[in-house]
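Student:
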Amino acid sequence: MINRFIAGGFCWFARLLTGLTANWIGTEPNKVARIYYANHSSHGDFLLIWASLPDVLRPYTRPVAGKDYWDKGPIRRFLIQQIFHGVLLDRSNPREAAKGLDVMAKVLDGGESLILFPEGTRNQGTELQPFKGGIHHLAQLRPEIELVPVWIENIGRVMPKGTFVPVPLLCSIRYGAPLLLQENESKKEFLTRLENALKALSAQ
Amino acid sequence: MMLDTLLANPVSQIFVGAFALLIIFSAIGAGLKWGIAKGKPHNVIDNMNSRTKAWWVMVGLLAVTFWQGRNAIIALFALISFQCLREYLSLIQTRRGDYRAMLWVFFCFLPLQYYLIWDDWYGLYSIFIPVYGFLLLPISASLGKDVTQFLDRAAKIQWGLMICVYCLSHIPALLTLHIPGYPRPELLILFLLFVVQSSDVFQYVWGKLLGKHKLSPAISPSKTVEGLIGGVFTATLVGMSLWWATPFTPLQAALIALTINILGFFGGFVLSAIKRDRGVKDWGDLIEGHGGMLDRVDSLSFAAPVFFHIIRYWWV
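Going down the list, the protein sequences come from chains A and B. First residue of the first sequence: 1, per the UniProt record's numbering; consecutive thereafter. First residue of the second sequence: 1, per the UniProt record's numbering; consecutive thereafter.
(1) In the DSSP assignment, what residue or residues form a beta bridge with A/Glu-153?
(2) By Cβ distance below 7 angstroms, which residues in the same chain neighbour A/Gln-140 in space, the five residues on each side in sequence not counted?
(3) Report all residues from its chain with a CB closer than 7 angstroms to the CB of B/Leu-91; omit the five preceding and five following residues, and keep chain order.
(4) Name the residue from A/Gly-133, A/Gly-26, A/Pro-160 whose alpha carbon lies nearest to the alpha carbon of A/Arg-174.
(5) Taking beta-carbon pairs under 7 angstroms, can you tell me which members of the region 149-176 of chain A lie near chain E?
(6) Whole beta strand (DSSP E) runs in the UniProt domain "Phospholipid/glycerol acyltransferase" (34-155) of chain A with 3 or more residues, listed along the chain?
(7) Sorted by chain position, which residues of the same chain lie with C-beta nearer than 8 angstroms to B/Ile-310's C-beta, five sequence neighbours on each side aside?
(8) Which residues of the region 91-123 of chain B have a Cβ closer than 7 angstroms to any Cβ of chain A? Give them in chain order.
(9) With 16 other CB atoms within 10 Å as the buried threshold, where does B/Cys-108 fall?
(10) Grab the span of the beta strand (DSSP E) containing A/Asn-23 for me, first residue to last.
(11) Can you give me the C-alpha to C-alpha distance between A/Ile-2 and B/Ala-155, rounded to a whole angstrom?
(12) Looking only at its own chain, which residues have a Cβ that is under 8 angstroms from the Cβ of A/Ile-135, when we skip the five neighbours before and after it?
(13) Take A/Gly-86 as the anchor and find which of A/Met-104, A/Ala-97, A/Arg-95 has the nearest alpha-carbon.
(14) Taking 8 angstroms as the CB-CB cut-off, is A/Gly-133 touching chain B?
(15) Let me confirm a value: B/Gln-113 is counted as buried when at least 16 other C-beta atoms fall within 10 Å, else exposed. Which label applies?
(16) When the Cα atoms are used, what is the spatial distance from B/Leu-188 to B/Ala-173?
(17) List the residues of chain B whose Cβ lies closer than 9 angstroms to the Cβ of A/Gly-19, in chain order.
(18) Is the beta carbon of B/Ala-304 closer than 8 angstroms to that of B/His-170?
(19) Which value, in whole angstroms, describes the spacing of the CA atoms of A/Gln-82 and A/Arg-4?
(20) The alpha helix (DSSP H) spanning B/Leu-85 covers which residue range?
(21) Spatial neighbours of B/Ala-254 within its chain, please: C-beta separation below 7 angstroms, excluding the five flanking residues on both sides.
(22) So, with DSSP's three-state summary, where would you put A/Pro-29?
(23) Taking the alpha-carbon of A/Phe-131 as reference, which of A/Pro-178, A/Asp-102, A/Gly-100, A/Lys-187 has the nearest alpha-carbon?
(24) May I have the straight-line CA-CA distance separating residue 319 of chain B from B/Thr-234, to the nearest angstrom?
(25) Would you mind reading off the limits of the alpha helix (DSSP H) that contains B/Leu-143?
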């Protein structure tokens, strides 16, 4: 109860700060298990996507967050676990990362959606960085799950890497048309296709 | 009795007039919707009707604010500046090195400018942004250690601050003018708002009715010569008819209205040029039918400082 209240407060603050608008261009906000993948340039990214979702979807949508950052200290741990119900990903060694992928697959099996940032680390707010391979593994594990590109406009300028005071610029979020892993599609082809879909969305 | 006291106040009289106009516009809009569009979707009529609806909200908000008094008026314009500034800076490209300058703009210059107006400190608020802001911002940007397009970036941020904060703050600054024998400076704000905004409305209306010759398709495809002349002329008459609420004679009111209407037109025109350059039609989507806040007040930002100084020079 209190946790939901805190989560609501975060969403309210994020929306107020950024005047957030969400545009569902290529798809509808349906209650099905999906992977939302987005550009990553600030710690506030997943919060913004989360805040832009309809209220009914929010409890069923979980951000995937780097364990190295979010598992440090009691406050961050509380936020990511209790408030945002994040899935923590240990990027330090391949075996732990593989375990994380299994957890994500189970989350999808349970009918919940994931928010992923396939660039891995935050970009500097100018260019999209090449995607990491994890999203391909996940798509191989659950090929029937839709991948929805999500472009967050301006967030890199609200709180650039290494800063803590947000600039109250307006942000908007665009949801594009879902993609599926195709048969016999190589990892490189698949990642390029995901990247291009996101880039195309950014130009709209 | 209540109504008598209410109507004895010129502020209320102007608002009653504005609401009467809105009723007429809403009636015309409803008439067109059923008479010409037969209730079906119609681009021009629907756009006109959603604009009228937004005007109801905006005039209503103004009425409530003016009823609350001086502090509320200053706070309202501080909020309008804030919204304009974020629409402007959200659309203008900035780089990582501009982060600190943007913090200054939002969290220092904007609130301080409005504080100085609240404090009636003319000597400082009239130079605070163009002198101290324009010196401090490039200093701050230079500490960002990024020289790429340095002058462009400095100019973009400073000009945004100028239009959205400095210029617009001259609207509530009218409250600080102490004109002998004229105890209600808030009427000057209403004069400015109603004249310049009616110029925008009538430019739109005349343009839709008679508009043939495009003024400058490269900058603003909807502006026409007929709209401009008709709009400025009609709004000048509006200004003249409001002389009783001002310290001006009818002729002075007309001349001042003409001046601020022409400036208002160019305010919209200049900001359209910026929008064109960025490849967008509107600054935002806050106000239905109008676009963003900055789309609504662009003309005021150019008219306000000149209006302020005309009065300060000849009447104070």
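Here a beta-carbon is modelled for each residue, glycine too, at the ideal position from N, C-alpha and C. What you are looking at is a predicted structure, and each value in this text was computed from that prediction instead of being measured.
Tutor: Judging by the given coordinates:
(1) Within the first sequence, residue 153 of chain A is the residue found at index 153, counting from 1. For A/Glu-153, which the question treats as bridged, DSSP gives the partners A/Ser-172.
(2) Along the first sequence, one-based indexing puts residue 140 of chain A at 140. Around A/Gln-140: Leu-181.
(3) Position 91 of the second sequence, counting from 1, holds the residue named residue 91 of chain B. So the list reads Arg-278, Val-280, Trp-283, once near-sequence residues are dropped.
(4) Position 174 of the first sequence, counted from the first residue, corresponds to residue 174 of chain A. Nearest of A/Gly-133, A/Gly-26, A/Pro-160 to A/Arg-174, Cα basis: A/Gly-26.
(5) No chain E is present in this structure, whose protein chains are A and B.
(6) Qualifying beta strand (DSSP E) stretches, in chain order: 34-38, 61-66, 87-89, 113-116, 146-153.
(7) Taking the first residue of the second sequence as position 1, residue 310 of chain B is located at position 310. Cβ within range, chain order: Ile-256, Thr-259.
(8) Thr-94, Arg-96, Tyr-99, Met-102, Leu-103, Phe-106
(9) In the second sequence, residue 108 of chain B corresponds to position 108, counting from 1. B/Cys-108 comes out exposed.
(10) Sequence index remark: in the first sequence, residue 23 of chain A carries index 23 (1-based). It spans 21-24 - the beta strand (DSSP E) in which A/Asn-23 sits, taken as one unbroken run.
(11) Taking the first sequence and counting its residues from 1, one reaches residue 2 of chain A at position 2. Taking the second sequence and counting its residues from 1, one reaches residue 155 of chain B at position 155. Going from the Cα of A/Ile-2 to the Cα of B/Ala-155 covers about 47 angstroms.
(12) Working through the first sequence from its first residue, we reach residue 135 of chain A at position 135. Same-chain partners within the cutoff: Ile-35, Tyr-37, Leu-116, Pro-118, Leu-147, Leu-191, Leu-194.
(13) Translated into positions along the first sequence, residue 86 of chain A becomes position 86. Among A/Met-104, A/Ala-97, A/Arg-95, the Cα nearest to that of A/Gly-86 belongs to A/Met-104.
(14) Position 133 of the first sequence holds residue 133 of chain A. No, A/Gly-133 lies away from the interface with chain B (no Cβ there is under 8 angstroms from its Cβ).
(15) On the second sequence, position 113 is the one that residue 113 of chain B refers to. Residue environment analysis places B/Gln-113 among the buried positions, since at least 16 neighbouring C-beta atoms fall within 10 angstroms of its C-beta.
(16) The count along the second sequence starts at 1 and reaches residue 188 of chain B at position 188. The count along the second sequence starts at 1 and reaches residue 173 of chain B at position 173. C-alpha separation (whole angstroms): 10 angstroms.
(17) Taking the first residue of the first sequence as 1, we reach residue 19 of chain A at position 19. Correct list: Gln-83, Arg-86, Glu-87, Ser-90, Gly-284, Leu-286.
(18) The residue given as residue 170 of chain B occupies position 170 in the second sequence. The residue given as residue 304 of chain B occupies position 304 in the second sequence. Result yes, Cβ atoms of B/His-170 and B/Ala-304 sit closer than 8 angstroms.
(19) Within the first sequence, residue 82 of chain A is the residue found at index 82, counting from 1. Within the first sequence, residue 4 of chain A is the residue found at index 4, counting from 1. Going from the Cα of A/Gln-82 to the Cα of A/Arg-4 covers about 9 angstroms.
(20) As a first step, residue 85 of chain B is located in the second sequence; it is residue number 85 there, counting from the start. First-last of the alpha helix (DSSP H) with B/Leu-85: 70-91.
(21) Locating residue 254 of chain B in the second sequence gives position 254, where the first residue counts as 1. These residues qualify, in order along the chain: Thr-236, Gly-239, Met-240.
(22) One-based indexing of the first sequence puts residue 29 of chain A at position 29. Coil.
(23) What you label residue 131 of chain A is simply residue 131 of the first sequence in a count that begins at 1. When each option's Cα is compared against that of A/Phe-131, the closest is A/Lys-187.
(24) Here chain B has residues from 1 to 316 only, and residue 319 of chain B is not among them.
(25) In the second sequence, counting from the first residue as 1, residue 143 of chain B sits at position 143. Where B/Leu-143 is concerned, there is no enclosing alpha helix (DSSP H), because DSSP gives it neither an H nor an E.
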